[in-house]
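**Q**
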């Protein structure tokens, strides 16, 4: 492999890995050179003229002028080189999170049904005030730079305006673009800092949009909570890991007491939150009784859902997000919980453990799924 034009590589025979890496690094490093020379001709031209004058006369004054011109040109080139690498980093982070948040081979979005139209009950000031009171202070703002302290300091008039804004979004079925835009901040986890996969993306959303999502979350939970199975303890009030561990220990103790074998399987779903097809999610919501204005309001947060990456104080260009519940949204836990509950229902069989009138064959906790039976089972479920 050999270098053709500046910044490009062309194959011309065998090449060792170190040579290839040096060529790739040089190709990236010289991207800034041509635009800098074209955009800043004066410092470079002055440096060349000062150098010729120094060679011609060799006086101390000419030497001082040359060193000043050289310093100015080097400073301009260093600034342009730093900015070029910043742009390269922004583009790389944007490309990584765009691929991560938009997996391929997912079903397309579902069309709006005729039952999704209408107005329904308006959003009250008490609903908005209850969500605002639960906001935690000291949290980072979203793209609109509105902090939770601003909303918690609102008086009666300010809360009435925020309620009116949420009511307009509810009745119109549309929300501001800032409410649909997430700011992704990469946080290092462990390993090689040069690999994007070793960072966790933390998404910051608009606080007024999160208030509206919190109101929708309370309304959706009132509809779907009675329909969710008992073995689902993820993202639910009053349930958690301790409950699942207790159930699991009772199953094992009962099997040991009655000398019954128990075959168990634990499934940890990788990046499951980012791979839920939105079109399927709307259909599952309808199956669980969420239709009409509520589902239209939820979908309005996803119509133009987009994200941008913020790194070292600079922001990348925005990109659309078409797959998965929104990271950091108050609605996302219940949406993911419903989706996993639907999958659990599809995988139910005759196996399991009997608890009085309830037969339980699995436990679900957020993105972890455990199931058991008294004898080995061959499953064709994928």
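Numbering (my numbering), first residue to last: 260 to 641.
Cβ coordinates follow ideal geometry from the N, Cα and C atoms, glycine included.
These numbers were taken from a predicted model, which means no experiment stands behind them.
I'd like to know if the stretch 542-559 and the stretch 430-444 are in contact, where contact means that at least 3 CB-CB pairs between them fall below 8 Å.
**A** Contact holds: three or more Cβ-Cβ distances are below 8 Å.
**Q** Where does residue 519 sit, in a helix, a strand or coil, going by DSSP?
**A** In the structure shown, residue 519 sits in coil (DSSP, three-state: anything other than H, G, I, E or B).
**Q** Return the Cβ separation of residue 451 and residue 593 in integer angstroms, given the expectation that the two are a contact with Cβ distance under 8 Å.
**A** About 36 Å; that fails the 8 Å criterion.
**Q** Provide the residue span of the beta strand (DSSP E) that contains residue 444, from first to last.
**A** Segment 440-447, the beta strand (DSSP E) holding residue 444.
**Q** Could you check the C-alpha separation between residue 600 and residue 511 for me, to the nearest Å?
**A** In a straight line, the C-alpha of residue 600 is about 24 Å away from that of residue 511.
**Q** Give the range of the beta strand (DSSP E) segment to which residue 395 is assigned.
**A** Per DSSP, residue 395 belongs to no beta strand (DSSP E) and is neither H nor E.
**Q** Buried or exposed: where does residue 523 fall if 16 or more other Cβ atoms within 10 Å of its Cβ makes it buried?
**A** Classification for residue 523: exposed.
**Q** Looking at the unbroken alpha helix (DSSP H) that takes in residue 542, where does it start and where does it end?
**A** Segment 537-546, the alpha helix (DSSP H) holding residue 542.
**Q** Let me know the secondary structure DSSP gives residue 373 once reduced to three states.
**A** Any reading at residue 373 must be qualified, since the residue scores a pLDDT of 47, below 50, and its modelled position is unreliable; the value itself is stated next. Of the three classes helix, strand and coil, the one that applies to residue 373 here is helix, per DSSP.
**Q** Give me the residue from 466, 463, 445, 484 with the minimum Cα distance to residue 456.
**A** Comparing Cα positions, the closest option is 445.
**Q** Can you find the residues in the same chain that come closer than 7 Å, C-beta to C-beta, to residue 548, ignoring five residues on each side of it along the sequence?
**A** Counting only Cβ-Cβ distances below 7 Å, and skipping sequence neighbours, we find 482, 483, 486.
**Q** May I ask you to report which of helix, strand or coil DSSP gives residue 527?
**A** Three-state DSSP puts residue 527 in a strand.
**Q** Answer with buried or exposed for residue 573, where buried requires no fewer than 16 other C-beta atoms within 10 angstroms of its C-beta.
**A** Answer is exposed; the Cβ neighbour count stays below 16.
**Q** Under DSSP, the alpha helix (DSSP H) around residue 218 begins and ends at which residues?
**A** With the chain covering only 260 through 641, there is no way to say anything about residue 218.
**Q** So, for residue 353: in the same chain, excluding its five sequence neighbours on each side, which residues have a beta-carbon less than 7 Å away from its beta-carbon?
**A** So the list reads 568, 575, 576, 578, once near-sequence residues are dropped.
**Q** Can you give me the Cβ contacts of residue 459 inside the same chain, cut-off strictly under 7 Å, excluding the 5 residues immediately before and after it?
**A** The answer, listed in chain order, is 446, 448.
**Q** Could you pull out every residue in the same chain whose Cβ sits closer than 7 Å to the Cβ of residue 540, ignoring the five residues on either side in sequence?
**A** 594, 598.
**Q** Start and end of the beta strand (DSSP E) containing residue 463?
**A** Note, residue 463: beta strand (DSSP E), 458-463.
**Q** Roughly how many whole angstroms lie between the Cα atoms of residue 474 and residue 390?
**A** Approximately 7 Å, taken between the alpha carbons.
**Q** Run through DSSP, which three-state label would residue 498 get?
**A** If DSSP states are grouped into helix, strand and coil, residue 498 belongs with coil.
**Q** Assign residue 307 to one of two classes, buried (16 or more other C-beta atoms within 10 Å of its C-beta) or exposed (fewer than that).
**A** Counting Cβ neighbours within 10 Å, residue 307 comes out exposed, since fewer than 16 surround it.
**Q** Based on DSSP bridge pairs, tell me the residues matched to residue 567.
**A** DSSP output for residue 567 lists 442 as bridge partner(s).
**Q** Taking DSSP's pairing of strands, which residues face residue 582 in a bridge?
**A** Answer by DSSP bridge pairing, in chain order: 536.
**Q** Just checking my contact of residue 465 with residue 588 at CB under 8 Å: how many whole Å lie between their CB atoms?
**A** About 10 Å; that fails the 8 Å criterion.
**Q** Could you tell me whether the Cβ atoms of residue 418 and residue 442 are closer together than 8 Å?
**A** It is not a contact, given that the beta carbons lie outside the stated cut-off.
**Q** Count the other C-beta atoms from every protein chain shown that fall within 10 angstroms of the C-beta of residue 427, then say buried if there are 16 or more, exposed otherwise.
**A** That one is exposed.
**Q** Taking the straight line between their C-alpha atoms, what separation do you get for residue 385 and residue 520?
**A** If I take the Cα positions, the gap works out to 54 Å.
**Q** Assign residue 326 to one of two classes, buried (16 or more other C-beta atoms within 10 Å of its C-beta) or exposed (fewer than that).
**A** Exposed, by the Cβ-count rule.
**Q** I need the boundaries of the alpha helix (DSSP H) containing residue 450, first residue and last residue.
**A** Careful: residue 450 lies outside any alpha helix (DSSP H) and carries neither H nor E.
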